[in-house]
Amino acid sequence: MKQWLAALMTACLLWSGWAQAAAGRLVILCYHEVDKTDSGASDPFAVDARALVKQMEWMRGQGYSFVSLQQVLDDRAGGKPLPDKAVLLTFDDGYRSVYTNVYPVLKLFQAPAVIALVGSWLEAPEGSQVSYGDGVAGRSKFLSWEQIREMRASGLVEVASHSYASHLGVLANPQGNLEPALTARAYRAGGYESESAYLARIQDDLRRNSALLKARLGVAPRAMVWPYGSYSLQAAKVAAKEGMPVTMGLGAGINDRDTPLSSLRRVLLDANMDLADLAYQFKQLNGWPDGIRPEPSRIMHVDLDYIYDPDPKRQDENLGRLLDRVKAMGVSTVYLQAFADPDGDGVAQALYFPNRHLPMRADLFNRAAWQLQTRANVRVYAWMPLLGFVLPAGHPLAGERVLAEQAGGAQAKTQGYARLTPYSPPVRQLIREIYEDLARSSRFGGLLFHDDATLSDFEDAGQAARLARQGQGLAAGVAEVRADPEQMARWTRAKTALLDDFSMELAAVVRQYQPDLRTARNLYAEVVLNPDSETWFAQSFDSALKRYDRVAVMAMPYMENAADPKAWMRRLFDKVAAKPGALEKTVFELQAVNWRSRKPIPTAELAATVRELNTLGARHIAYYPDDLFHDQPRLKAFRRVFSMTAHPEE
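Below, the structure written as structure tokens:
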């Protein structure tokens, strides 16, 4: 009953916040081809023209109002507010069917719309072919300039840019993956393009398309619609400089007045969306503050160290096996190691992406993350240390480490994970640059901060930390602080905040390149079971729930040396469930190996734990590690309880 009341209270709070933010809410729909013959047979995003009419009739009947981009801008500028239940229609790629099949419907409903045009496709002579997707298409597939002018003259249609010649993939790694041109750093023999070259490339493209549209139509676009929905905040800044402060991607959810005009969200419609699906989509958009219904997740935590091989062919074979296993397991998410840790000491001496500060063991993370997202359809979180980096010998910051105070006045030394000290501004800048290099080099959906993000009750005893304590009005020495309970409590809170704040700084750096980034943080279970243990870890469950999208609690009884693993797990679950809203954010991360005995956890035992957590009401469950070479856990048995597919294969 208490859990039910807590859930109801949380829902009421969410609903109250939603009601306050309801003003200015906007649904943006993204269509592509609207055809009378295809119906998705050759193009999965081709919507039947009759279906479009039915969808618009349904929306009008439900009280939705079709609005123009100008109405959106007026609302944001403090002018006439948007009507309740506002919908903006957008049509990407400039298909000729927009004129033949959509424009008559827009006139019938007097519905405004935005069309996003690719300049190089429109510049091609009639009768020619243009590069399109993985092949070619005839110029006749796209709008003529006369048709565009007629639609604009009606006052119903606004033209947006969809790039000049960047609706394509560019080579993005040595293994040959093609990734969206406006976000990928192009790879050529010898390396990647520089940041300045990348920015110049996208600026040239956007400027060229704006100039073309202005020359042909008399007005430059003020909105940029990103090909494939792929963009970065850097690219959005370039668009703004080129006169397009409004940009649209394909991020999930609804828009409100707090949604930046540079990052508007759109709902992608496809050939399979019938009226029931559309009604369900709108119900979700209006049922949650951000328009996104929280979904449960099942997560594989994967070591790239298992995939790496000095032989590129064998490494790619390993990656192929991983993809097959992830698809067969039916999970929603993969926590993917981005740092190299072949000796298993939990710290990074090398990385799996090009960067400025550490050796690159292999250029592998970009390839693996892209393949997992596009072939296994999972969300990938880059798993990274917060502080656990070992710099090369001779690096000027190599000695800037977290040090633990020793008894009897002995010299302070490193204990536990080798970590760089977060109290050093140059160290923090170096780590920011590592994360920036990760974000520039790869596409992924989240960050998982490793369990190295701790400071014990004896750390940090280094000089930078001593100065920081003095600046906080505390004693410089660890022993002096520990001797005073009031100072000790203040110091503990300050350390927890320092680690939390720094992780959020790093997330902000990455979000410049991955705007839809989600965050997760590994926490030790003891922090949940015993809040006083914040003193020993500088971790707080309450703080983590506020800061991160997910809190991955290491629900690992054998690691904690629990006498009764099942009872221990139940106690952990009950502690989480007692906090309002905590189950929605907490990942129960199970151990697939008993590191004390160095033996795998039997699949039957792991599966039984998952069943129990499912029964209790856990929303998010992960396990670590996954060993594809030894089939641990056993795929056929484990996926029956772990898969998120409706009917996992037997």
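Numbered per mature numbering (1 follows the signal peptide of the UniProt record, and there is no 0), the sequence shown spans residues -21 to -1, 1 to 629. Cβ coordinates follow ideal geometry from the N, Cα and C atoms, glycine included. Remember, it's a predicted structure, so these values are computed and weren't measured experimentally.
Beta-carbon gap between V566 and I600 smaller than 8 Å: yes
Residues bridged to L150 (per DSSP): L157
Which listed residue (Y74, A218, D528, R590) has its alpha carbon closest to that of A561: D528
Assigned exposure category for A386 - 16 Cβ within 10 Å defines buried: exposed
W267 (DSSP reduced to helix, strand or coil): coil
Pair within 8 Å by beta-carbon distance, L61 and L5: yes
Beta-carbon contacts of L185 that lie in its chain and below 8 Å, excluding the five residues immediately before and after: S140, S142, Y143, M203, V217, A218, E221, M223
Given 8 Å, three or more beta-carbon pairs between the segment 521 to 541 and the segment 490 to 505: yes
Helix, strand or coil at W362 [DSSP, three-state]: strand
Proximity of F423 and A348 at Cβ, strictly below 8 Å: yes
Nearest-angstrom Cβ-Cβ length linking P91 and F24, presumed shorter than 8 Å: In fact, because the Cβ distance is near 22 Å, the residues do not count as touching under 8 Å.
Buried/exposed call for A66, threshold 16 Cβ in 10 Å: The sequence given here has Val at residue 66, not Ala. V66 comes out buried.
Three-state secondary structure (DSSP) of Q316: strand
For N188, three-class secondary structure by DSSP: helix
Residues near G230 in its chain [Cβ-Cβ closer than 6 Å; skip 5 each side]: R244, D495
Supposed contact pair R180 and G98 - C-beta distance, whole angstroms, cut 8 Å: No, G98 and R180 are not in contact; Cβ-Cβ is about 15 Å, not under 8 Å.
G114 (DSSP reduced to helix, strand or coil): strand
Beta-carbon contacts of N573 that lie in its chain and below 7 Å, excluding the five residues immediately before and after: Y537, I580
Rounded straight-line distance, which links the Cα of A534 to that of E568: 5 Å
A587, buried or exposed, once every other Cβ within 10 Å from all chains shown has been counted against 16: exposed
Residue(s) in a DSSP beta bridge with G425: Y360, R497
Check whether R407 and V488 have beta carbons under 8 Å apart: no
Helix, strand or coil at K615 according to DSSP, with G and I counted as helix: helix
Status (buried if at least 16 other CB within 10 Å, exposed otherwise) for E174: exposed
CB-CB length for R419 against Y492, believed under 8 Å: 6 Å
C-alpha distance - I278 paired with M339, whole-angstrom precision: 26 Å
Three-way DSSP call (helix, strand, coil) for M623 in this model: coil
8 Å CB neighbourhood of R380 in its chain, flanking five on each side removed: T393, A397, R398, L399, T400, G441
A355 vs L302 beta-carbon contact at 8 Å: yes
Own chain, CB closer than 7 Å to G117, minus 5 neighbours either side, in chain order: Q108
Sufficient close CB pairs (3 or more, under 8 Å) joining the segment 307 to 317 to the segment 274 to 288: yes
Residue environment, A523, which counts as buried when at least 16 other CB atoms sit within 10 Å: buried
Own chain, CB closer than 7 Å to A199, minus 5 neighbours either side, in chain order: S189, L192, K193, G222
First through last residue of the beta strand (DSSP E) which encompasses T565: 565 to 570
Local conformation of E12 per DSSP, three classes: coil
Contacting residues, own chain, Cβ-Cβ under 7 Å from P364 (five flanking each side not counted): F318, V326, A327, H429, D431
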